[in-house]
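A short worksheet on the structure shown next.
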Amino acid sequence: MMNINKSLDKAYEGKSFKELVDAPVSALEGISAEGGKVLEEKFKIKTIGDLAKFKYAKIAEAIVLLAAQEE
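FYI, the numbering for the sequence shown is -15 to 55, going by this note's numbering.
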């Protein structure tokens, strides 16, 4: 099993991936409760699952992956 505990707030360490999908974005290390409120207010992102599906995050990820392949 992949250990991502260092990427999570202490309260969410040990949770299953299925549980984490529905956890608030503030469950991620480095995103505060206030930051989570901003993401929700500005972008309607409430959960880790919402963040993963966020159109602009997917575009940014694709750019980074493609840049690595570019000559």
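Where a beta carbon is used, it is the ideal one built from N, C-alpha and C, also for glycine.
Check: residue i C-beta below 7 Å from any heavy atom of the ligand GDP
i: Ala17; result: Questions concerning the ligand GDP fall outside what the structure shown contains, since it holds no ligand whatsoever.
Cut-off 6 Å between Cβ atoms - residues of its own chain near residue i, not counting five sequence neighbours on either side
i: Leu23; result: Val9 and Ile29
i: Leu50; result: none
i: Ser0; result: none
Exposure of residue i, with buried meaning 16 or more beta-carbon neighbours within 10 Å
i: Ile43; result: exposed
i: Gly20; result: buried
For residue i, the nearest candidate out of the options (CA to CA)
i: Ile15; options: Ile32, Phe1 and Val5; result: Ile32
i: Glu13; options: Ile47, Ser(-9) and Lys2; result: Ser(-9)
Cβ shell of residue i (< 7 Å), same chain only, five flanking positions each side left out
i: Tyr(-4); result: Leu4, Ala7 and Ala11
Same chain only: Cβ atoms within 8 Å of residue i, ignoring 5 sequence neighbours per side
i: Asp34; result: Val9 and Lys28
Span of the alpha helix (DSSP H), counted from its first residue to its last, around residue i
i: Val5; result: Phe1 to Val5
i: Ala51; result: Lys39 to Gln53
i: Gly(-2); result: Gly(-2) -> no alpha helix (DSSP H), and no H or E assigned at all.
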